[in-house]
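First comes the structure, then the notes that go with it.
There are 2 protein chains.
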Amino acid sequence: MSLQVIFLGTAGSIPTPKRSLPAILVKREDEQLMFDCGEGVQRQMIMAKGGFHKKMKVFITHMHGDHVLGLPGLLQTMALLGRERKLDVYGPPGTRPFLEGIKETVQFVLTFPVEIHEIEEGGVVCDEKEYAIQAVQSDHTIPSLAYAFLERSRPGRFYPEKAKALGVKEGPLWSKIQQGHEVKLSSGRIVKPEDVMGSSRVGRKVVYTGDTRPFKDMIEFAAHADLLIHDCTLGDELAERAGEDGHSTPSQAATIAKKAKVRQLVLTHVSARYDDSSALLKQAKKIFKNTLIAEDFMRIEIPWLDK
Amino acid sequence: MSLQVIFLGTAGSIPTPKRSLPAILVKREDEQLMFDCGEGVQRQMIMAKGGFHKKMKVFITHMHGDHVLGLPGLLQTMALLGRERKLDVYGPPGTRPFLEGIKETVQFVLTFPVEIHEIEEGGVVCDEKEYAIQAVQSDHTIPSLAYAFLERSRPGRFYPEKAKALGVKEGPLWSKIQQGHEVKLSSGRIVKPEDVMGSSRVGRKVVYTGDTRPFKDMIEFAAHADLLIHDCTLGDELAERAGEDGHSTPSQAATIAKKAKVRQLVLTHVSARYDDSSALLKQAKKIFKNTLIAEDFMRIEIPWLDK
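Taken in order, these protein sequences are the chains called A and B.
Using our numbering, you'd call the opening residue of the first sequence number 1 and step up by one each time.
Using our numbering, you'd call the opening residue of the second sequence number 1 and step up by one each time.
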């Protein structure tokens with residue numbers, strides 16, 4: 001099952017000709033999860049061939065305009081296209097009055113329900129059958145959330161021929177063994193799940209920090225993530241300024257990635273001052289080699305890995 | 001003095017890869033006048049090398065999201081860049097609660113004053129030394145304004161040598177004649193302004209309809225405009241649908257242009273269904289030859305014409 005991360009906007013605070021404002025789309029089966037919703041996201045969605053009718057949830061990290069001002073236009077375009085399916089919007093307190101204020105002052109009619117979930121504190125904020133979304137307070141200038149997409153692990157593939165060969169008959173015993181239990185046959189023989197099933201597949205994990213200074217809890221929050229998408233607004237030479245503004249530098253993000261033992265690091269929210277981001281990449285790679293700088297429309301496929 | 005119209009967004013309702021949402025920038029000397037402010041306008045401004053610190057006024061036609069949702073981000077980016085100069089925003093009733101709602105629910109601090117002028121009825125809504133802005137109610141699905149930029153006419157150039165040759169001495173008589181009055185010399189000779197001055201220059205006129213069905217008052221409102229920018233959401237084959245949605249077709253816009261005797265017609269607010277707009281152009285040109293379809297970043301220079 002494909003899990004693809006599409007960077008729709010990778011700018012920090014102010015857009016550039018190359019970078020739209022922050023938005024990340026995670027596509028999984030027939031569902032889309034959007035993280036942040038900067039101005040221009042509806043157009044980026046059109047250009048990335050994202051769907052406006054699909055099952056979808058939006059997760060807002062914080063109420064700075066560059067992360068949220070694309071949401072009303074996205075909703076409006078969905079309505080103009082006749083969306084009927086509910087849209088879930090998760091965000092910090094303030095998400096609801098923002099959307100309600102827009103609905104009162106800008107003339108648009110929604111054709112679909114919007115369910116707003118304001119997140120008062122961290123933890124599991126969205127609990128689906130095949131994945132969960134966790135949130136944690138990050139360390140920005142205003143209350144801001146980081147999010148983790150956590151896919152549930154899946155049992156390995158079941159091989160009926162192997163089961164039959166070992167004398168496990170089709171029926172209740174198959175269910176039991178598929179659920180991870182040993183079964184005892186009438187012959188007294190014990191058959192373990194690993195005798196008739198492939199390796200289990202560990203759920204994939206993608207973490208997005210939103211805007212943040214480096215903070216200690218992120219190391220555990222992002223532990224062993226397949227992909228960590230981290231704030232990297234300013235270069236190491238501007239570390240002090242980054243701290244004042246509630247942002248991170250390449251070295252800081254790379255240090256978190258290294259300590260959290262993630263597989264891959266992508267740096268985003270890149271300040272408009274960096275027309276060429278290669279210096280940022282160099283700074284990060286000194287500490288964590290498997291790093292990329294996000295670019296608009298960059299796509300990263302997250303593979304399943306066997307346990 | 002240059003007067004340039006830059007189309008920053010030419011889409012109708014939904015953006016496309018080629019067309020951003022409605023916004024038109026009129027550049028005149030050191031001032032910028034923006035008409036409508038669709039989502040993405042700040043990025044379009046950056047790409048068109050518009051200024052964020054310049055003397056500027058914004059004119060909103062109506063409170064549909066595609067015409068107004070770029071305004072908060074524009075203000076925020078101006079503030080992030082440290083703008084100090086006042087920004088004037090003109091629009092229909094609803095402009096103020098929209099902006100105040102955003103200021104209350106999205107975290108941003110403005111570094112400059114924003115003066116909001118809600119336009120209750122048409123007429124001259126902005127009266128400057130060298131130009132005025134007129135508004136008139138258009139015919140859309142919600143209250144909507146069309147705007148006219150009207151530059152004041154200028155007296156022709158004064159030729160001192162001609163005045164001296166005719167015996168008009170430098171001093172009060174020069175001022176009098178430059179202000180358009182005849183002067184009587186001590187010799188009894190009468191010198192008229194046209195004897196010592198070039199042709200007067202007629203002020204330039206640019207009219208923008210916003211979203212509208214064709215309506216009769218527009219003929220007078222746009223009379224003799226150098227440039228009429230008219231709604232052209234749907235082609236002639238969808239005239240009924242255009243009427244229902246409060247929009248115009250190429251033939252309707254071209255008929256208005258012809259009756260108003262404008263010099264040039266530009267069709268904008270083009271529906272996303274027209275990837276190729278050549279059919280729209282053909283429909284309009286049958287009625288009014290000097291027509292263009294707006295494209296993002298198209299620039300039209302409006303020349304001074306002698307009377």
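Every residue gets a Cβ at the ideal spot worked out from N, C-alpha and C, and that includes glycine.
Predicted, not measured: the structure shown is a model, and the values here were computed from it.
Restricting to Cα atoms, I'd like to know which of B/Thr141, B/Lys192 and B/Met197 is closest to B/Arg157. Numbered from its first residue, the second sequence carries residue 157 of chain B at position 157. Of B/Thr141, B/Lys192 and B/Met197, the residue nearest in Cα terms is B/Met197.
B/Met47 touches chain A at which residues, Cβ-Cβ below 8 Å? As a first step, residue 47 of chain B must be located in the second sequence, where it is residue number 47. Here the neighbours are Pro17.
Listed from N- to C-terminal order along the chain, which residues in the segment 79-112 of chain A have their beta-carbon within a distance smaller than 8 Å of any beta-carbon of chain B?
Leu80, Leu81, Gly94, Pro97, Phe98, Gly101, Ile102, Glu104, Thr105, Val106, Gln107 and Phe108
Going along chain B in order, which residues have a C-beta closer than 8 Å to the C-beta of A/His64? Locating residue 64 of chain A in the first sequence gives position 64, counting from the first residue. Neighbours of A/His64 on chain B, chain order: Val106, Gln107 and Phe108.
Among A/Leu71, A/Thr291, A/Leu80 and A/Met45, which has the Cα closest to the Cα of A/Asp88? For the purposes of this step, residue 88 of chain A is identified with residue 88 of the first sequence, where counting begins at 1. Considering only alpha carbons, the answer is A/Leu71.
Which word fits B/Asp139, buried or exposed, when buried means at least 16 other C-beta atoms lie within 10 angstroms of its C-beta?
As a first step, residue 139 of chain B is located in the second sequence; it is residue number 139 there, counting from the start. Flag for B/Asp139 reads buried.
(request) Report all residues from its chain with a CB closer than 7 Å to the CB of B/Val68; omit the five preceding and five following residues, and keep chain order. (result) Mapped onto the second sequence, residue 68 of chain B falls at position 68. Same-chain partners within the cutoff: Cys37, Ile60 and Phe98.
Q.
For a quick check, are the C-beta atoms of A/Ile300 and A/Thr268 less than 8 Å apart?
A. The sequence position of residue 300 of chain A within the first sequence is 300, counting from 1. The sequence position of residue 268 of chain A within the first sequence is 268, counting from 1. Not in contact: A/Ile300 and A/Thr268 (Cβ atoms no closer than 8 Å).
Residue range of the unbroken beta strand (DSSP E) whose run includes B/Val68 | The count along the second sequence starts at 1 and reaches residue 68 of chain B at position 68. Careful: B/Val68 lies outside any beta strand (DSSP E), inside the alpha helix (DSSP H) at Gly65 to Val68.
Under 8 Å between C-beta atoms of B/Leu25 and B/Ala48: Counting from 1 along the second sequence, the entry for residue 25 of chain B is found at position 25. Counting from 1 along the second sequence, the entry for residue 48 of chain B is found at position 48. Taking 8 Å as the Cβ cut-off, B/Leu25 and B/Ala48 qualify as a contacting pair.
- Which of the residues in the segment 4-33 of chain A, read from start to end, lie with their CB under 8 Å from any CB of chain B? Ser13, Ile14, Pro15, Thr16, Pro17, Ser20 and Leu21
Practice item. Note down the Cα distance separating A/Leu309 from A/Gly203, rounded to an integer number of angstroms. Key: With chain A running from 1 to 307 in the structure shown, residue 309 of chain A is simply not present.
Against A/Pro72, what residues of chain B qualify as contacts under a CB-to-CB distance less than 7 Å, listed in chain order? Translated into positions along the first sequence, residue 72 of chain A becomes position 72. Under the 7 Å cutoff, chain B gives Gly65 and Leu69.
**Study point:** Chain-ordered neighbours of B/Gln339 on chain A, where CB pairs are closer than 8 Å
**Key:** Here chain B covers residues 1 to 307 and nothing more, so residue 339 of chain B does not appear.
Q) Where does the unbroken beta strand (DSSP E) through A/Phe108 begin, and where does it stop? A) Against the first sequence, residue 108 of chain A aligns to sequence position 108. Neither: A/Phe108 is in no beta strand (DSSP E) and is coded neither H nor E.
Q: Run down chain B in chain order and give the residues with a C-beta less than 7 Å from the C-beta of A/Thr77.
A: Against the first sequence, residue 77 of chain A aligns to sequence position 77. Correct list: Ile14.
For A/Ile142, which residues in chain B fall below 8 Å Cβ to Cβ? To locate residue 142 of chain A, count along the first sequence from 1; it is residue 142. Under the 8 Å cutoff, chain B gives Gln107.
Task: Exposure of A/Met1, with buried meaning 16 or more beta-carbon neighbours within 10 Å - done: To locate residue 1 of chain A, count along the first sequence from 1; it is residue 1. Exposed, by the Cβ-count rule.
Give me the DSSP bridge partner(s) of A/Val114. On the first sequence, residue 114 of chain A is found 114 positions in, with the first residue counted as 1. Answer is A/Leu87, bridged to A/Val114.
For B/Gly246 versus B/Thr141, is the C-beta spacing smaller than 8 Å? Translated into the one-based positions of the second sequence, residue 246 of chain B becomes position 246. Translated into the one-based positions of the second sequence, residue 141 of chain B becomes position 141. Yes, the pair counts as a contact, with Cβ atoms nearer than the cut-off.
(message) Among the candidates A/Gln44, A/Thr16, A/Gly94 and A/Gly65, whose CA atom is the shortest distance from the CA of A/Asp211?
(response) Position 211 of the first sequence holds residue 211 of chain A. The candidate whose alpha carbon is nearest that of A/Asp211 is A/Gly65.
**Q.** C-alpha gap between B/Pro250 and A/Leu110, whole angstroms
**A.** Walking along the second sequence from the start, residue 250 of chain B turns up at place 250. Walking along the first sequence from the start, residue 110 of chain A turns up at place 110. In a straight line, the C-alpha of B/Pro250 is about 29 Å away from that of A/Leu110.
How would you write the range of the alpha helix (DSSP H) that B/Val347 sits in, first residue to last? The question about residue 347 of chain B has no answer here: the residues shown for chain B are numbered 1 through 307.
Which residues bound the alpha helix (DSSP H) around A/Arg204? Counted from its first residue, the first sequence places residue 204 of chain A at position 204. Unbroken run through A/Arg204: none, as it is neither H nor E.
Checklist entry - For B/Pro160, is the beta carbon positioned less than 7 Å from some heavy atom of the ligand PLP? => result No copy of the ligand PLP occurs in the structure displayed, which carries no ligand at all.
_What residue range does the beta strand (DSSP E) around B/Lys27 cover?_
In the second sequence, counting from the first residue as 1, residue 27 of chain B sits at position 27. Note, B/Lys27: beta strand (DSSP E), Ala23 to Arg28.
Task: Residues bridged to A/Leu309 (per DSSP) - done: This structure cannot settle anything about residue 309 of chain A, because the visible part of chain A is limited to 1 through 307.
To which residues does DSSP link A/Val58 through a beta bridge? Your numbering for residue 58 of chain A matches position 58 in the first sequence. Note: A/Val58 sits in a beta bridge opposite A/Met34 and A/Val89.
Contact between the segment 105-120 of chain B and the segment 76-84 of chain B (3+ Cβ pairs under 8 Å):
yes
Query raised in the report: Which same chain residues, not among the five before or five after A/Leu166, have their C-beta less than 7 Å away from its C-beta?
Result: By one-based count along the first sequence, residue 166 of chain A stands at place 166. Closer than 7 Å at the Cβ level, and outside the excluded window around A/Leu166, lie Val191, Asp195 and Val196.
* **Buried or exposed by the 16-neighbour rule on C-beta atoms within 10 Å, applied to B/Asp30** => Locating residue 30 of chain B in the second sequence gives position 30, counting from the first residue. So B/Asp30 ends up on the exposed side.
Measure the Cβ-Cβ separation of A/Val270 and A/Leu280 and say whether it is below 8 Å. Position 270 of the first sequence, counting from 1, holds the residue named residue 270 of chain A. Position 280 of the first sequence, counting from 1, holds the residue named residue 280 of chain A. Contact: yes.
Host alpha helix (DSSP H) of A/Gly73 (start-end): Here residue 73 of chain A is taken as the residue at index 73 of the first sequence, counted from 1. Per DSSP, A/Gly73 belongs to the alpha helix (DSSP H) from Leu71 to Leu80.
Leaving out the 5 sequence neighbours to the left and right, which residues in its chain are closer than 6 Å to B/Ile6 when beta-carbon positions are compared? Sequence index remark: in the second sequence, residue 6 of chain B carries index 6 (1-based). Excluding sequence neighbours, B/Ile6 sits near Leu25, Ala48 and Arg299.
inquiry  = According to DSSP, B/Ser271 sits in a beta bridge with which residue or residues?
reply    = Mapped onto the second sequence, residue 271 of chain B falls at position 271. Answer is B/Gly12, bridged to B/Ser271.
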